[in-house]
Every structure is written in structure tokens, then in C-alpha cells.
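Reading through the C-alpha cells given below for one structure.
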Amino acid sequence: MNYIEATMDFKLWVENTDWDFSHEEGFGGKVQQKDIDGVSIVYQMQSNGNVQLSSIRVKHKDRKMGKARSAIIEFLRETDNAGKSVELLASPLDSKTNLSKLVAFYQSVGFEIVGMGNPLGEPKMLRHAGK
8 MNYIEATMDF KLWVENTDWD FSHEEGFGGK VQQKDIDGVS IVYQMQSNGN VQLSSIRVKH
68 KDRKMGKARS AIIEFLRETD NAGKSVELLA SPLDSKTNLS KLVAFYQSVG FEIVGMGNPL
128 GEPKMLRHAG K
């Protein structure tokens, strides 16, 4: 198990396992983490059948090298294979991440803005399976 920081300023224990997109009807699945080439992806199945992408974390020294793009492409390939759409809240996890650039990054891999996700105006985004 790995100790990580979640996006809501609290800490979670999550398992680093094989991809698991299972859930119980009416309930979400467990929070999971997958490490891809030093990039941490945290996700959870939602009760609506979508995958909630909670965070993508890249160490500051490893940024601007395409690692996040490679990791999310692998993640989206797996969700596509499972027939799952992915939703997320585009929310910078640190002061060095620009919201506009973050949204553009997600749009470049097929996400669309579907509404405002919180009172701060951070967008909720969705990528349909197979897009």
C-alpha cells in the first residue's frame, strides 16, 4: 500500500493494484492508485458506472517531459477497453499548475467541460469511453 495525498487535503491509504473498474450497484468502488513511469494516478469507480479520475501527480523535477500525457493515455486506453467513461474535476493540486493549461491538457486527450464542479469555478470534465 502507498501513502498519498488526495485532492481534498486529507490523506488516504490506497492499493497499487492491477486496473480494477468494478463497483457495486448504487455504490462506488474503492479508491485505487496506479503508478506509471513515476506518475501516480488515483481513481475510483462511481455509482453511475463512470471512473472518477481523482488525481495525476508528477514530481516537479519530472514535469515537462510528457510523463503525465503518457500515463493518462495508458489509463484512458484501459478505461476504453473496459467501456468506461471518465469524469474529473480540473483542479490544480499545487501553485505551479495553471488551471487553463490543465483544462487544455485534458481537452487534448478527449475530455469535454460539462459544467462547473465546485464554487471555485473549477470545471467538471467528462470523456466518453472510446473517444
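The sequence shown lines up with residues 8 to 138 when you count with the working numbering.
Where is the CB? At the ideal position from N, CA and C, for every residue including glycine.
Note that the coordinates shown come from a computational prediction; the quantities given were computed from them, not determined experimentally.
Candidates V93, P130, Q53 and K66: which alpha carbon is nearest I79's?
Counted from its first residue, the sequence shown places residue 79 at position 72. With distances taken between Cα atoms, I79 lies closest to V93.
In terms of alpha-carbon separation, which member of L83, V121 and Q53 lies closest to A7?
Because the chain in this structure spans residues 8 to 138, residue 7 falls outside the shown range and cannot be described.
For Y10, is the classification buried or exposed, using 16 other Cβ atoms within 10 angstroms of its Cβ as the cut-off for buried?
In the sequence shown, counting from the first residue as 1, residue 10 sits at position 3. Low confidence applies to Y10: its pLDDT is 39, below 50, so where it sits in the model is not reliable enough to give any reading.
DSSP three-state assignment for L127, whether helix, strand or coil
On the sequence shown, position 120 is the one that residue 127 refers to. If DSSP states are grouped into helix, strand and coil, L127 belongs with coil.
Identity of the residues DSSP links to D42 by a beta bridge
Along the sequence shown, read from residue 1 onward, the residue named residue 42 stands at position 35. S47, per the DSSP bridge assignment.
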